[in-house]
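From first to last, the protein sequence lines are chains B and P. Mapping of the first sequence onto this note's numbering: residues 1 to 334, in sequence order. Mapping of the second sequence onto this note's numbering: residues 1 to 334, in sequence order. We put the beta carbon where it would ideally sit given N, CA and C, even for glycine. Everything numeric in this text was worked out from a predicted model, so none of it was measured. Read through the structure below, which is laid out as structure tokens, and then see the notes.
2 protein chains.
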Amino acid sequence: MTNNRQFLLARRPVGAIQRSDFDFATMPLRALAEGEILIRISHVSLDPAMRGWMNASTDSYMPPVALGDVMRAIAVGRIVESRNPGFVVGDHVTGLLGVQEYAIHNGVGLSKVDPSLAPLPLFLGALGMPGLTAYFGLLDVGQPKEGDTVLVSGAAGAVGALVGQIAKLKGARVIGIAGGADKVRYLVEELGFDAAIDYKTENLAAALRQHAPKGVDVFFDNVGGEILDAALANLAHGARVVICGAISQYNNTDAVTGPSNYLQLLVKRATMRGVMVSDYYHRAMEAITTMGGWIQGGKLKTREHVVQGLDSFPDTFAKLFNGANQGKLVLQVV
Amino acid sequence: MTNNRQFLLARRPVGAIQRSDFDFATMPLRALAEGEILIRISHVSLDPAMRGWMNASTDSYMPPVALGDVMRAIAVGRIVESRNPGFVVGDHVTGLLGVQEYAIHNGVGLSKVDPSLAPLPLFLGALGMPGLTAYFGLLDVGQPKEGDTVLVSGAAGAVGALVGQIAKLKGARVIGIAGGADKVRYLVEELGFDAAIDYKTENLAAALRQHAPKGVDVFFDNVGGEILDAALANLAHGARVVICGAISQYNNTDAVTGPSNYLQLLVKRATMRGVMVSDYYHRAMEAITTMGGWIQGGKLKTREHVVQGLDSFPDTFAKLFNGANQGKLVLQVV
Chain B
1 MTNNRQFLLA RRPVGAIQRS DFDFATMPLR ALAEGEILIR ISHVSLDPAM
51 RGWMNASTDS YMPPVALGDV MRAIAVGRIV ESRNPGFVVG DHVTGLLGVQ
101 EYAIHNGVGL SKVDPSLAPL PLFLGALGMP GLTAYFGLLD VGQPKEGDTV
151 LVSGAAGAVG ALVGQIAKLK GARVIGIAGG ADKVRYLVEE LGFDAAIDYK
201 TENLAAALRQ HAPKGVDVFF DNVGGEILDA ALANLAHGAR VVICGAISQY
251 NNTDAVTGPS NYLQLLVKRA TMRGVMVSDY YHRAMEAITT MGGWIQGGKL
301 KTREHVVQGL DSFPDTFAKL FNGANQGKLV LQVV
Chain P
1 MTNNRQFLLA RRPVGAIQRS DFDFATMPLR ALAEGEILIR ISHVSLDPAM
51 RGWMNASTDS YMPPVALGDV MRAIAVGRIV ESRNPGFVVG DHVTGLLGVQ
101 EYAIHNGVGL SKVDPSLAPL PLFLGALGMP GLTAYFGLLD VGQPKEGDTV
151 LVSGAAGAVG ALVGQIAKLK GARVIGIAGG ADKVRYLVEE LGFDAAIDYK
201 TENLAAALRQ HAPKGVDVFF DNVGGEILDA ALANLAHGAR VVICGAISQY
251 NNTDAVTGPS NYLQLLVKRA TMRGVMVSDY YHRAMEAITT MGGWIQGGKL
301 KTREHVVQGL DSFPDTFAKL FNGANQGKLV LQVV
């Protein structure tokens with residue numbers, strides 16, 4: 001009998017996540033029912049959205065993870081047993097498989113991936129949910145035009161680094177906001193951003209005026225809080241503000257800090273709109289084909305931050321919120 | 001020699017406006033230069049935007065009123081002397097004429113109005129700036145479809161009362177938010193709103209859930225603050241939030257309170273956009289013709305709250321912020 005190690009949500013976190021918010025349990029795997037498959041998970045994706053799924057709020061796009069349930073996460077793995085005619089042992093699949101070693105699944109909502117085309121972690125990053133978010137959030141919601149100034153926060157993160165590079169490929173001038181000299185250097189020297197601002201040491205308002213003297217045409221926001229306010233204060237006429245996330249706010253114990261400067265939407269005739277990646281799943285092939293081509297052609301660089309060992313999950317997940325991750329954060333399980 | 005009484009901005013207000021923020025001066029009228037006209041002002045429009053013009057902020061769509069200058073306001077009056085071939089004595093004009101008895105003007109930016117078509121205060125309300133704001137803000141930015149639920153705050157105000165009625169004419173279900181039983185009754189019984197919520201006595205969240213169980217498709221916001229947050233918490237999928245103003249915030253001595261619930265834009269794939277009436281001046285005839293027809297046909301009701309006497313300006317202006325006005329607030333000068 002095979003055991004399955006899994007992280008169960010033990011309580012709703014208050015503020016930053018602690019290891020005690022989870023139970024790290026070992027459970028024997030049950031036999032498959034007709035139609036089910038057994039997946040050996042190799043890599044778990046760690047994404048900011050997971051923090052929201054841990055809250056009790058009913059006001060979100062997905063129900064919260066129930067207490068006692070396996071922590072929800074996107075993952076990729078190999079099928080080791082199948083009682084579903086649509087899936088063959090040896091196939092690789094990705095989907096909401098959870099923070100665990102094995103998943104039993106009926107196959108609905110899973111996508112097959114081909115590990116001969118790209119390393120598996122890439123299917124959790126540029127060729128997965130963060131990639132689709134960046135591609136459609138920027139191009140469909142942000143609609144940058146050639147010559148536009150595009151600003152992106154969380155610019156060294158999984159989504160932000162793609163947003164900036166896609167914007168460059170579309171002829172925009174790109175400014176990134178990130179925390180720390182290493183990330184700022186990476187954005188400018190490795191990814192070809194026109195400028196990058198270190199929000200930890202620079203005066204954001206002054207830096208924005210310097211790097212975007214005519215204002216920001218597209219702001220792609222992953223961070224919220226003070227960074228969103230600073231960007232709103234420096235919009236160009238007719239700007240588009242893409243709300244992708246608010247990682248600065250997810251661990252708040254008080255209410256989210258709303259953007260004081262939202263009336264600049266009026267002054268600048270600007271638009272603020274949210275992007276939800278699930279609205280674009282039906283167009284996934286367009287993004288994956290295009291970005292896959294860019295990656296093959298050396299035009300789009302990706303960086304995966306792979307941490308070994310399922311048991312490190314709570315500490316590794318925390319890196320998303322303290323800025324310690326360098327690129328797309330992935331937990332390697334086997 | 002004729003004297004001109006005028007309100008000059010004496011200092012930048014801190015919080016609510018006080019009479020001491022103005023000098024009420026009497027100045028002899030100078031002679032006209034070539035190209036100028038002299039206008040005897042009959043009615044001054046009192047609008048929330050004027051509060052913003054009094055602040056030092058450089059971050060707005062118009063420069064602030066300079067200290068010592070006549071307080072900026074839209075007004076309507078009759079030409080009593082002209083050295084401009086485009087304007088004849090006896091013509092009525094409207095534009096930024098200021099809070100004073102007489103204006104000397106070069107005519108640029110003024111519009112002629114015909115007092116035989118409508119009472120003069122109407123050109124400051126439904127057939128003026130508030131009318132254009134309501135018409136284009138709702139139809140162009142909010143884009144209500146037949147059967148949509150439209151929510152409007154400041155619903156008994158100059159803009160809000162028009163927004164709700166226009167939405168009804170377009171086949172929407174309309175909910176107003178206003179302060180006080182009289183206003184709520186007026187909205188439902190006189191203007192035909194489907195429902196109205198008294199924010200002073202009702203629980204806004206509960207009332208919104210009750211009156212808009214499927215969520216709000218279009219929210220037209222004149223108020224900001226808690227009302228904006230409550231509306232954001234009750235949006236329908238794909239909602240449009242029209243930011244027209246934030247009268248709850250204009251007297252703040254601290255920063256504007258931003259909407260905590262702005263991440264609902266993401267959850268609900270909603271759009272928040274500002275409307276600036278000046279973007280629609282080139283389409284003014286469309287709105288005025290249409291709304292003039294509705295008024296003539298009894299389909300659009302207007303209410304002007306006319307207060308006598310220029311000297312009451314500071315106290316009358318304050319009515320906009322304490323909710324004491326009933327409809328479009330106008331100061332009658334002669």
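Residue i to residue j span [Cα, whole Å]
{"i": "residue 402 of chain B", "j": "residue 266 of chain P", "result": "Because residue 402 of chain B is not part of the residues shown, which for chain B are 1 to 334, the question remains open."}
{"i": "residue 197 of chain P", "j": "residue 184 of chain P", "result": "7 Å"}
{"i": "residue 193 of chain B", "j": "residue 157 of chain B", "result": "14 Å"}
{"i": "residue 147 of chain B", "j": "residue 330 of chain B", "result": "34 Å"}
{"i": "residue 235 of chain B", "j": "residue 57 of chain P", "result": "16 Å"}
{"i": "residue 109 of chain P", "j": "residue 281 of chain P", "result": "10 Å"}
{"i": "residue 214 of chain B", "j": "residue 251 of chain P", "result": "30 Å"}
{"i": "residue 82 of chain P", "j": "residue 171 of chain P", "result": "47 Å"}
{"i": "residue 5 of chain B", "j": "residue 328 of chain B", "result": "24 Å"}
{"i": "residue 220 of chain P", "j": "residue 233 of chain B", "result": "22 Å"}
{"i": "residue 212 of chain P", "j": "residue 114 of chain P", "result": "42 Å"}
{"i": "residue 309 of chain B", "j": "residue 315 of chain B", "result": "11 Å"}
{"i": "residue 237 of chain P", "j": "residue 149 of chain P", "result": "12 Å"}
{"i": "residue 230 of chain B", "j": "residue 262 of chain B", "result": "11 Å"}
{"i": "residue 168 of chain B", "j": "residue 139 of chain B", "result": "12 Å"}
{"i": "residue 19 of chain B", "j": "residue 333 of chain B", "result": "18 Å"}
Any C-beta of chain B under 9 Å from that of residue i
{"i": "residue 222 of chain P", "result": "no"}
{"i": "residue 213 of chain P", "result": "no"}
{"i": "residue 134 of chain P", "result": "no"}
{"i": "residue 264 of chain P", "result": "yes"}
{"i": "residue 336 of chain P", "result": "The shown model of chain P, from 1 to 334, leaves out residue 336 of chain P, and the question about it has no answer."}
{"i": "residue 200 of chain P", "result": "no"}
{"i": "residue 261 of chain P", "result": "yes"}
{"i": "residue 150 of chain P", "result": "no"}
{"i": "residue 229 of chain P", "result": "yes"}
Buried/exposed call for residue i, threshold 16 Cβ in 10 Å
{"i": "residue 141 of chain P", "result": "buried"}
{"i": "residue 63 of chain P", "result": "exposed"}
{"i": "residue 217 of chain B", "result": "buried"}
{"i": "residue 304 of chain B", "result": "buried"}
{"i": "residue 48 of chain P", "result": "buried"}
{"i": "residue 3 of chain B", "result": "exposed"}
{"i": "residue 144 of chain B", "result": "buried"}
{"i": "residue 51 of chain B", "result": "buried"}
{"i": "residue 228 of chain B", "result": "buried"}
{"i": "residue 325 of chain P", "result": "buried"}
{"i": "residue 322 of chain B", "result": "exposed"}
{"i": "residue 191 of chain P", "result": "buried"}
{"i": "residue 208 of chain P", "result": "buried"}
{"i": "residue 285 of chain P", "result": "exposed"}
Any chain P beta carbon closer than 9 Å to residue i
{"i": "residue 51 of chain B", "result": "no"}
{"i": "residue 283 of chain B", "result": "no"}
{"i": "residue 74 of chain B", "result": "no"}
{"i": "residue 275 of chain B", "result": "yes"}
{"i": "residue 209 of chain B", "result": "no"}
{"i": "residue 243 of chain B", "result": "yes"}
{"i": "residue 143 of chain B", "result": "no"}
{"i": "residue 218 of chain B", "result": "no"}
{"i": "residue 319 of chain B", "result": "no"}
{"i": "residue 54 of chain B", "result": "no"}
{"i": "residue 335 of chain B", "result": "The first residue shown for chain B is 1 and the last is 334, placing residue 335 of chain B beyond what the model contains."}
{"i": "residue 233 of chain B", "result": "yes"}
{"i": "residue 271 of chain B", "result": "yes"}
{"i": "residue 60 of chain B", "result": "yes"}
Short CB-CB distance (under 9 Å) between residue i and chain A
{"i": "residue 251 of chain B", "result": "In the structure shown, chain A cannot be found, because the protein chains are B and P."}
Under 8 Å: do the region 199 to 218 of chain P and the region 168 to 179 of chain P share three or more Cβ pairs, one atom per stretch? When C-beta atoms of the region 199 to 218 of chain P are compared with those of the region 168 to 179 of chain P, three or more pairs fall below 8 Å, so the two segments count as touching.
Using 8 Å as the cut-off, can you tell me whether the region 95 to 115 of chain B makes contact with the region 34 to 42 of chain B, which would need three or more C-beta pairs spanning the two stretches below that distance? yes
Taking 8 Å as the cut-off, does the region 217 to 232 of chain B touch the region 253 to 271 of chain B (at least 3 CB pairs, one atom from each stretch)? yes
Whole beta strand (DSSP E) elements within the region 223 to 304 of chain P, 3-residue minimum: 235 to 243, 271 to 274
Give the list of continuous beta strand (DSSP E) stretches no shorter than 3 residues that lie fully inside the region 79 to 119 of chain B. 92 to 96, 102 to 105, 111 to 113
Please determine if the region 149 to 163 of chain B and the region 232 to 251 of chain B are in contact, where contact requires at least 3 C-beta pairs separated by less than 8 Å. Touching, yes, given that three or more Cβ pairs across the two stretches are closer than 8 Å.
Can you check the region 156 to 190 of chain P for any alpha helix (DSSP H) of at least 4 residues that lies completely inside it and give the ranges in chain order? 158 to 169, 181 to 185
How about the region 301 to 318 of chain B and the region 109 to 128 of chain B: do they share at least three Cβ pairs that are nearer than 8 Å? Yes, since at least three Cβ pairs between the region 301 to 318 of chain B and the region 109 to 128 of chain B fall closer than 8 Å, the two stretches touch.
Validate contact between the region 286 to 301 of chain P and the region 128 to 142 of chain P using beta carbons, cut 8 Å, 3 pairs: yes
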